[in-house]
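Under my numbering, the sequence shown has 235 at position 235, and the numbering climbs by one with no breaks. Just so you know, even glycine gets a beta-carbon here, dropped at the ideal spot from N, CA and C. On a predicted model such as this, the values are computed, not experimentally measured, just so you know. A short write-up of the structure that comes next.
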Amino acid sequence: MVDKESNNIVSSIDNWRKKNISDCQFVLILAFIVGFLAAVAAYILHFIIEEIETLITSGFRITTINWLYLLYPVIGIWLTSLFVKYIVRDQISHGITRVLYAISTKRSKLKAHNTWTSIVASAITIGFGGSVGAEAPIVLTGSAIGSNLGRLFNMDRRTLMLLVGCGATAAVSGIFKAPIAGLVFTLEILMVDLTMASLLPILIASVTATCFSYFFTGGEPMYNFKIDYLWSLSKVPPTILLGVCCGFLSLYFMRVMSWCEDKYASLSKHPYLKLMAGGLVLSSLIFLFPSLYGEGYNSLRIFIEGNSATDW
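See the structure below:
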């Protein structure tokens, strides 16, 4: 009954907009909505992570050994596994890969549960110390918002792809408060065609997400620093060297991650052994290097802002 009423409301809105709003104008409106919803999703993800982390680590002291670092990541992985197995009942890992797969083979169609399940799963994992990034889950969430919103109003395949790009752009912009970063990410990773027809909706989604992220979390940028020296040509060679080193580091990371995934995949018939092995390795690393706990944004912020060692 509720679904029927919802469909009637959506149909009424769709019929009204076809009579009063052009397709181009409606795409811009959808881009704004996608940007807003992606900013809300990014805020919710950060909020849940911070609340869980604060709740379970508020009593930790830098001068003592915190043995619970060995336990929390295992609990987080276990809770996430239960959530995925019994509630989601679908594979939600590799968020960016799933977006690319949906664009290339599924006509930009992402499942409705992807609009929220990645937020819950990643928030639990990261909140309990899992040293994973929040970027891929929020990109999948934003892209799913764009895809499902477009399908709700029966958009064509090209528009769906554009809305998926808007969602990904808004997600990155919202989580980092960086609209240009979101735009570059979508153009380079998702390879959305850069035309005037696609650029304007993507920019609207990006700027909207950034503005609402500032509204939700305050006016401070994610990384607050300033460069108080002039750029000179003498800095070009070390900058190039830095880029080359980062490229090799990225290659190393991808190769090692693929190797680890293959090794853990061999334990798929023994899920509890797989859980304990992964949890033990992660917990040991976090126990030895507490700065690995969670998202890692605080550690990076300390590096960039040049704070003292006591902030660790």
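Per-residue DSSP class, three states only, for residue i
i, result
"His-94", "coil"
"Met-222", "coil"
"Arg-151", "helix"
"Tyr-214", "helix"
"Ser-198", "helix"
"Val-139", "helix"
"Arg-17", "helix"
"Tyr-43", "helix"
"Leu-230", "coil"
"Tyr-293", "coil"
"Asn-114", "helix"
"Asn-8", "helix"
"Ser-22", "coil"
Counted within 10 angstroms of its Cβ, other Cβ atoms place residue i as buried (16 or more) or exposed
i, result
"Lys-263", "exposed"
"Pro-179", "buried"
"Leu-140", "buried"
"Val-2", "Bear in mind that a pLDDT of 48 at Val-2, under 50, signals an unreliable position, so the number given afterwards is only what the model happens to contain. It counts as exposed."
"Glu-51", "exposed"
"Ser-119", "In the sequence as displayed, the identity of residue 119 is Ile instead of Ser. So Ile-119 ends up on the buried side."
"Cys-24", "exposed"
"Cys-166", "buried"
Residue i versus residue j - alpha carbon distance
i, j, result
"Gly-247", "Ala-102", "27 Å"
"Lys-19", "Ser-12", "11 Å"
"Ala-181", "Pro-221", "14 Å"
"Asn-114", "Tyr-214", "25 Å"
"Lys-274", "Leu-267", "6 Å"
"Arg-107", "Gly-35", "21 Å"
"Ile-29", "Arg-158", "16 Å"
"Arg-255", "Glu-261", "10 Å"
"Thr-208", "Val-164", "15 Å"
"Leu-230", "Pro-238", "15 Å"
"Thr-125", "Ile-48", "11 Å"
"Leu-300", "Ile-21", "46 Å"
Residue i vs residue j beta-carbon contact at 8 Å
i, j, result
"Thr-217", "Tyr-43", "yes"
"Ala-38", "Gly-174", "yes"
"Ala-112", "Ser-143", "no"
"Ser-198", "Leu-160", "no"
Where the alpha helix (DSSP H) through residue i begins and ends
i, result
"Lys-263", "236 to 265"
"Asn-298", "297 to 305"
"Trp-78", "72 to 82"
"Lys-274", "271 to 288"
"Asn-164", "In the sequence as displayed, the identity of residue 164 is Val instead of Asn. 157 to 176 is the extent of the alpha helix (DSSP H) around Val-164."
"Val-132", "That residue, Val-132, is in no alpha helix (DSSP H); it is neither H nor E in DSSP."
Any non-hydrogen atom of the ligand FMN within 7 Å of residue i CB
i, result
"Ala-181", "In the structure shown, the ligand FMN is absent, as is every other ligand, since no ligand is present at all."
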